[in-house]
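Novice: Before I ask anything, here is the structure I am working with.
2 protein chains.
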Amino acid sequence: MSISSRFSVGIHILALLELNKDGVNTSEFLASSVNTNPAVIRKIMGMLKKAELVEIHAGIAGAKLAKSLSIITLLDVYRAVDVVSENELFSVHENPNPDCSVGRNIQESIIPIFSNAQIALENTLSKVTIEDVVKDIVQKEQANSTK
Amino acid sequence: MSISSRFSVGIHILALLELNKDGVNTSEFLASSVNTNPAVIRKIMGMLKKAELVEIHAGIAGAKLAKSLSIITLLDVYRAVDVVSENELFSVHENPNPDCSVGRNIQESIIPIFSNAQIALENTLSKVTIEDVVKDIVQKEQANSTK
DNA sequence: GTTACCTGTAACCATAATAGTTACATTAAA
DNA sequence: TTTAATGTAACTATTATGGTTACAGGTAAC
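So the sequences go chain by chain: A and B. 16 is the number that our numbering gives to position 16 of the first sequence; each next residue is one higher, with no gaps. Converting from the second sequence to our numbering requires adding 1000 to each position, the first position being numbered 1.
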């Protein structure tokens, strides 16, 4: 199975908040860029707000980044939108048979390995910031405009 | 979401085939160790067979490892049981708005990053073999028997 | 204060994957 | 021929996703 697209949508939103920082970023505007329903955006925005990545207020149109681009990593977004719980990227089968040497040890053997793999993934995400993504988008735009 | 427990069950099966290599490993026997239904085991065994990790034959009771423990990595198992497709660990939202600079570039910006994270995870899995898991289980057994 | 507009949230739906279950055809060995 | 195992298909319950509608609550402009 795949990790929810909430993650990629979260990145999209944050990048757009930067690139449109002088505009009014309503959920409807953001939804039109992502191409989804405004309620979906508001749900994800709620998560980003809880993680203190964005500033939004009931009744007031528009959202802003709550901190500098350069210190928001993709791992922050990944955690914010709750796509994978702590140490639960891999699921381990429950209740193996304790009367079997494999059954009674497999979980303890496997869990640290799975944890390491998950950490390797998360470390990769922690090394990329929203600033990197924004710069990449700007660069791609320039490359295309001179074609 | 989590990666299917087919992966951990696959590892369990392979380790057990080694530790019980002198016995007859029917799907019923394996199922009793994993604590699930024999048909579930047979389905997973079918995938392991297709990946040439185990040898089984219709009508003949028992399964054997098809290659040496030391060269079967967890990545081999992970691919065999088809828990995550190539480059699809992360899902990316479809059809972002091409009239927005973020919308028209976000996928191209994000996909290589996601791919790197997935590769980091898979590299970790490629460094652990079934032999490592078996040794760990044996060691845990010994540690417990002397308690 | 009332209107207009936005956010916050709940309720609901369709879809898809998981894990399990039953059943049975197919195959091989005793 | 009988027995027993594998290989599969069909079906179920459960769960997460992503979307949709609806509306309560907050804020600002008039």
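Think of the CB as a built atom: it goes at the ideal place given N, C-alpha and C, for glycine as much as any other residue.
Report the three-state DSSP secondary structure of Ala31 of chain A (helix, strand or coil).
Specialist: helix
Novice: Kindly list, in the order they appear in chain B, the residues whose Cβ is closer than 9 Å to that of Lys43 of chain A.
Specialist: The premise fails here: Lys43 of chain A is roughly 14 Å from chain B at the closest Cβ pair, so nothing lies under 9 Å.
Novice: Hey, could you find the ends of the alpha helix (DSSP H) Glu1086 of chain B is sitting in?
Specialist: Premise fails: Glu1086 of chain B is in no alpha helix (DSSP H) and is neither H nor E.
Novice: Near Val1084 of chain B, which residues of its chain fall below 8 Å by C-beta distance, leaving aside the five closest residues on each side in sequence?
Specialist: Ile1003, Tyr1078 and Gln1118
Novice: Skipping 5 residues on each side, what residues in its chain have a beta carbon closer than 7 Å to that of Ser1070 of chain B?
Specialist: Thr1129 and Glu1131
Novice: Could you name the residues of the segment 1085-1105 of chain B whose beta carbon sits closer than 7 Å to any beta carbon of chain A, in the order they occur along the chain?
Specialist: Using a CB distance below 7 Å, the part of the segment 1085-1105 of chain B facing chain A consists of Glu1088, Leu1089, Phe1090, Ser1091, Val1092, His1093, Asn1095, Pro1096, Asn1097, Cys1100, Ser1101, Val1102, Gly1103 and Asn1105, ordered along the chain.
Novice: Report back the beta-carbon spacing between Ala61 of chain A and Thr26 of chain A to the nearest angstrom; my notes put them in contact at under 8 Å.
Specialist: 5 Å
Novice: Taking the straight line between their C-alpha atoms, what separation do you get for Lys140 of chain A and Ile56 of chain A?
Specialist: Rounded to whole angstroms, the separation of the alpha carbons of Ile56 of chain A and Lys140 of chain A is 29 Å.
Novice: Give a yes or no on contact between the segment 89-99 of chain A and the segment 37-44 of chain A, applying the rule of three or more CB pairs nearer than 8 Å.
Specialist: No, they do not touch.
Novice: Does the beta-carbon of Gly1023 of chain B have 16 or more other beta-carbons within 10 angstroms, so that it is buried, or is it exposed?
Specialist: exposed
Novice: Let me know the secondary structure DSSP gives Glu1052 of chain B once reduced to three states.
Specialist: coil
Novice: So Leu224 of chain A and Leu65 of chain A are supposed to be a Cβ contact under 8 Å. How far apart are they, rounded?
Specialist: What is shown of chain A runs 1 to 147, which leaves residue 224 of chain A out entirely.
Novice: Which residues in the same chain as Phe1029 of chain B place their Cβ atom closer than 7 Å to its Cβ, once the five residues preceding and following it in sequence are excluded?
Specialist: none
Novice: So, with DSSP's three-state summary, where would you put Gly46 of chain A?
Specialist: helix
Novice: Can you tell me which of A:Ala143, A:Asn116 and A:Val102 puts its alpha carbon nearest to the alpha carbon of Asp1136 of chain B?
Specialist: A:Val102
Novice: Between which residues of its own chain and Glu1052 of chain B is the CB-CB distance below 8 Å, once the five residues before and five after are set aside?
Specialist: Ala1066 and Lys1067
Novice: Just curious, the beta strand (DSSP E) that Lys64 of chain A is in, first and last residue?
Specialist: Ile60 to Leu65
Novice: For a contact defined as C-beta to C-beta under 8 Å, what are the partners of Ser1004 of chain B on chain A?
Specialist: The answer, in chain order, is Met1 and Ser91.
Novice: Compare the Cα-Cα distances from Ala1143 of chain B to each of A:Gly46, A:Val54, A:Leu17 and A:Asn105 and report the closest residue.
Specialist: A:Asn105
Novice: To the nearest whole angstrom, what separates the beta carbons of Leu75 of chain A and Ser126 of chain A, a pair I think is in contact under 8 Å?
Specialist: 4 Å
Novice: Assuming His1093 of chain B is part of the alpha helix (DSSP H), what are its boundary residues?
Specialist: No alpha helix (DSSP H) contains His1093 of chain B, which DSSP labels as neither H nor E.
Novice: Cβ atoms of Asn116 of chain A and Thr1124 of chain B: under 8 Å apart, would you say?
Specialist: yes
Novice: Can you give me the start and stop residues for the alpha helix (DSSP H) that Val1133 of chain B sits inside?
Specialist: Ile1130 to Ser1145
Novice: Taking beta-carbon pairs under 9 Å, can you tell me which members of the segment 20-34 of chain A lie near chain B?
Specialist: Asn20, Ser32, Ser33 and Val34
Novice: Once the 5 residues before and after Leu1016 of chain B are set aside, which same chain residues still bring their CB inside 6 Å of it?
Specialist: Ser1033
Novice: Any idea what DSSP makes of Thr73 of chain A, helix, strand or coil?
Specialist: strand
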